[in-house]
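Sequence order for the protein chains is A and B. Sequential numbering from 1 applies to the first sequence in full-length UniProt numbering. Sequential numbering from 1 applies to the second sequence in full-length UniProt numbering. Even glycine gets a Cβ: it sits at the ideal position worked out from N, Cα and C. Note that the structure is a prediction, hence the values are computed from the model and not measured. Below is one structure, written out as structure tokens; comments come after it.
Number of protein chains: 2
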Amino acid sequence: MSRRSGVLEFAVLGLLRESPMHGYELRKRLNTSLGVFRAFSYGTLYPCLKALVSQGWLVEEPPADEPGTAAPLAGRRAKIVYRLTAAGKEHFENLLAQTGPEAWEDEQFGVRFAFFGHTERDVRMRVLEGRRSRLEERLEKMRASLARTRERLDDYTLELQRHGMESVEREVRWLNELIETERAGRDRAKGRPADDQGRDDTDPTDTTN
Amino acid sequence: MSRRSGVLEFAVLGLLRESPMHGYELRKRLNTSLGVFRAFSYGTLYPCLKALVSQGWLVEEPPADEPGTAAPLAGRRAKIVYRLTAAGKEHFENLLAQTGPEAWEDEQFGVRFAFFGHTERDVRMRVLEGRRSRLEERLEKMRASLARTRERLDDYTLELQRHGMESVEREVRWLNELIETERAGRDRAKGRPADDQGRDDTDPTDTTN
DNA sequence: TTCGTCATGTAATGGGTTACATGATTAC
DNA sequence: GTAATCATGTAACCCATTACATGACGAA
């Protein structure tokens, strides 16, 4: 009924796919384990979790019966552990399978890349190549605008533009290497259909708390 | 009374400092001339301009009496040219002189750098060095978190982190070069007090339209 | 005369943070 | 027992975009 952020939803589903977690821990992983993403605040995260529950992608679970912990007193608010539902998992797979322009843009590309381990090679290729051509477009615009305005710009503005373009060029080279690597890894496990065959949960290694 | 964005305000004041402009053109310059900034939408820009007017930083001017253009009919809405007031200019100088943490963060640093041409060397140094130490902090956190979680991460997540760190390291090297250049340019024009002595306008070169 | 682009604006909505409020658990 | 950190949540606000609405001007 509210709050859907795209990246946050994506990241939460992806992280919970590996193992159930509560909000607080989820947020930490958003900063660290999951690349250099922006750190969402609790004011964003918790409402989002509630929304995902009401969508049916997640379920809240009681903190489980770990013997070491304090007994759950009646009416007591405790850690809420979120677990991905079957529907949630399916939804996440669908999101992962998307290879359209949204997947190439700055906001989404990072998260998507972080979950490349759950995708198939051709999906990865489409996303990487889409991203690359997106950046090359941008590069061309920058070059054009620079050619038009070069004379009127002072040294600092010029240097800023130069550095900006170099950053983009560098990311393009990075993508080239990644694409090359993907290509080199072809033919292995060609028809492997991800993991749709077994619904056994992803082996909870229980490093949760 | 409303809308103040920080970066947008800064950029608008800085651009209008050079020459008066109307909103539409202002927006184009935000994309091109002024580095690789985000392109603000009109829905952001126009209300911001109004707010700056009501603050007294800007004044709206009639499109001026250019003979080639259509005669300004009564009640006709035409281009609104914005000009920086004396108060606006002073405000901008004050903003430029700030060298606190806000000036080092991602959002502000770019704009500030673009207007370095209007600042004094020691201000530039403080901002550049502040930015650098900010990035070095970030780098340290990244290294620490990577050391803690390296084992649990798959290849793609790892690669993402590696690339992220390299980007930051690259910006640090860039800053080092800039700082070195600034240092090399020392002693020249040592006591020059910017332009506080004369209030004659910044020599309007009239490349406005 | 119609189409593109110049030009200005507003209301609804989105996506997020800050500040606040609450309380449990752990370490000292 | 008290401080730090773990843990969850909400309301008010901020910044910006989207979609919409209007209209002038020039060129085909």
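Would residue i pass as an interface residue toward chain A - the criterion being a Cβ-Cβ separation below 9 Å?
i	result
His-91 (chain B)	no
Leu-128 (chain B)	no
Arg-143 (chain B)	no
Thr-44 (chain B)	no
Tyr-82 (chain B)	no
Leu-135 (chain B)	no
DSSP state of residue i, grouped into three classes?
i	result
Ala-71 (chain B)	Confidence is the limiting factor: at Ala-71 (chain B) the pLDDT is only 42, short of 50, which leaves the residue's position unreliable, though a coordinate-based value still follows. Reduced to three states, the DSSP call for Ala-71 (chain B) is coil.
Glu-60 (chain A)	strand
Glu-18 (chain B)	helix
Arg-186 (chain A)	coil
Asp-65 (chain B)	Residue placement at Asp-65 (chain B) is flagged as unreliable, the pLDDT there being 48, under the threshold of 50; a coordinate-derived value is accordingly withheld.
Arg-76 (chain B)	The predicted position of Arg-76 (chain B) is uncertain, since its pLDDT is 49 and thus under 50; no value can be drawn from it.
Leaving out five residues on either side along the sequence, give the residues of the same chain with a beta carbon under 6 Å from the beta carbon of residue i.
i	result
Ile-80 (chain A)	His-22 and Glu-60
Glu-25 (chain A)	none
Arg-83 (chain A)	Pro-20, Val-59 and Glu-61
Leu-73 (chain A)	Residue placement at Leu-73 (chain A) is flagged as unreliable, the pLDDT there being 44, under the threshold of 50; the coordinate-derived value follows with that caveat. If we look at Leu-73 (chain A) and ignore the five residues flanking it on each side, it has no Cβ neighbours.
Asp-196 (chain B)	Its pLDDT being 40, under 50, Asp-196 (chain B) is placed unreliably in this model, and the value from its coordinates should be taken loosely. Cβ neighbours of Asp-196 (chain B) beyond the five flanking positions: none.
Glu-102 (chain A)	Gln-108
Arg-27 (chain A)	Leu-45
Asn-31 (chain B)	Ala-39
Sorted by chain position, which residues of the same chain lie with C-beta nearer than 8 Å to residue i's C-beta, five sequence neighbours on each side aside?
i	result
Leu-158 (chain B)	Arg-150
residue 210 (chain B)	A question about residue 210 (chain B) goes unanswered here, because the residues of chain B that appear run from 1 up to 209.
Gly-56 (chain A)	Thr-85, Ala-87 and Gly-88
Arg-29 (chain A)	Leu-15 and Met-21
Arg-121 (chain B)	Glu-182, Gly-185 and Arg-186
Ala-97 (chain A)	Thr-119 and Val-123
Please tell me whether residue i has its Cβ less than 9 Å away from any Cβ of chain B.
i	result
Asp-122 (chain A)	no
Leu-13 (chain A)	no
Thr-149 (chain A)	yes
Arg-152 (chain A)	yes
Thr-85 (chain A)	no
Leu-96 (chain A)	no
Leu-52 (chain A)	no
Leu-178 (chain A)	yes
Leaving out five residues before and five after residue i in sequence, what residues of the same chain have Cβ atoms less than 7 Å from its Cβ?
i	result
Leu-146 (chain A)	Gln-161
Arg-131 (chain A)	Trp-104, Phe-109 and Leu-175
Phe-92 (chain A)	Leu-13, Gly-14 and Arg-17
Phe-138 (chain B)	Going by the sequence as given, residue 138 (chain B) is Arg instead of Phe. Closer than 7 Å at Cβ, skipping near neighbours: Val-168.
Val-53 (chain B)	Val-59 and Glu-60
Val-7 (chain A)	Glu-107, Gln-108 and Val-111
Glu-9 (chain B)	Cys-48 and Leu-52
Thr-99 (chain A)	Val-123, Arg-126, Val-127 and Gly-130
Minimum length 4: unbroken alpha helix (DSSP H) runs contained in the stretch 21–47 of chain A: As far as the stretch 21–47 of chain A is concerned, its whole alpha helix (DSSP H) runs of at least 4 residues are 23–31.
Selection of the stretch 160–175 of chain B by Cβ proximity to chain A, strictly under 9 Å: Within the stretch 160–175 of chain B, those residues whose Cβ lies closer than 9 Å to any Cβ of chain A are, in chain order, Leu-160, Gln-161, His-163, Gly-164, Met-165, Glu-166, Ser-167, Val-168, Arg-170, Glu-171 and Trp-174.
Quick one, which residues of the stretch 4–33 of chain A are near chain B if we go by CB-CB under 8 Å, in chain order? The stretch 4–33 of chain A vs chain B, Cβ under 8 Å: Asn-31, Thr-32 and Ser-33.
Under 8 Å, CB to CB, which of the residues in the stretch 98–116 of chain B have a partner in chain A? Those would be Gly-110, Phe-113, Ala-114, Phe-115 and Phe-116, in chain order.
Length-filtered (4 minimum) alpha helix (DSSP H) runs lying within the stretch 97–160 of chain A: Listed in chain order, they are 106–114 and 121–149.
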